[in-house]
Amino acid sequence: MPRASARHILVETEEKCSELKQEILNGASFEELAKQSTCPSGAQGGALGNFSQGQMVPEFDQVVFNDALNVVHGPIKTQFGYHLLEITERSE
Numbered sequence: 004m005p006r007a008s009a010r011h012i013l014v015e016t017e018e019k020c021s022e023l024k025q026e027i028l029n030g031a032s033f034e035e036l037a038k039q040s041t042c043p044s045g046a047q048g049g050a051l052g053n054f055s056q057g058q059m060v061p062e063f064d065q066v067v068f069n070d071a072l073n074v075v076h077g078p079i080k081t082q083f084g085y086h087l088l089e090i091t092e093r094s095e
C-alpha cells in the first residue's frame, strides 16, 4: 500500500492560505509559518508523519499520492479549512 510523509498548514480562509503560500514562495520558512496553523501539527512544523493512502481526507490523498514532492501545494479545501501541503516522501 502506498505510504507518504507530508507537512501542512491549516487555516480558516482561502485568502490566509494564499498569503502564507506567497510568503513561503518568497523565502519564508514553512516550519515557522506552520506555527500559525489551527492544527496541532503546527507545533512540529506542520509534520504529519508517515501515513498510508486512505488515512487522510480524500482531497488530501489526491494531492499527496499524485502530485510532485517537495513543492508547496494549495490552497486545498477540505472539511477542516484550507491547507498548504508539502509532500516530503512517498513510496509505493
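Numbering (my numbering), first residue to last: 4 to 95. Cβ atoms here follow ideal geometry from the backbone N, Cα and C, with glycine treated the same way. Being a predicted model, the structure only gives us computed values, none of them experimental.
Residue 83 and residue 15 have their C-alpha atoms roughly 8 Å apart. If you draw a straight line from the Cα of residue 19 to the Cα of residue 5, it comes to about 31 Å.
Residue 87 is not a Cβ neighbour of residue 9, given a cutoff of 8 Å.
Using a Cβ distance threshold of 8 Å, residue 72 and residue 41 do not count as a contacting pair. Collapsing the DSSP output to three states places residue 32 in coil. Burial state of residue 13 is buried, judged by a 10 Å Cβ sphere holding 16 or more other Cβ atoms. According to the DSSP assignment, residue 63 belongs to no beta strand (DSSP E) but to the alpha helix (DSSP H) extending over 61–67.
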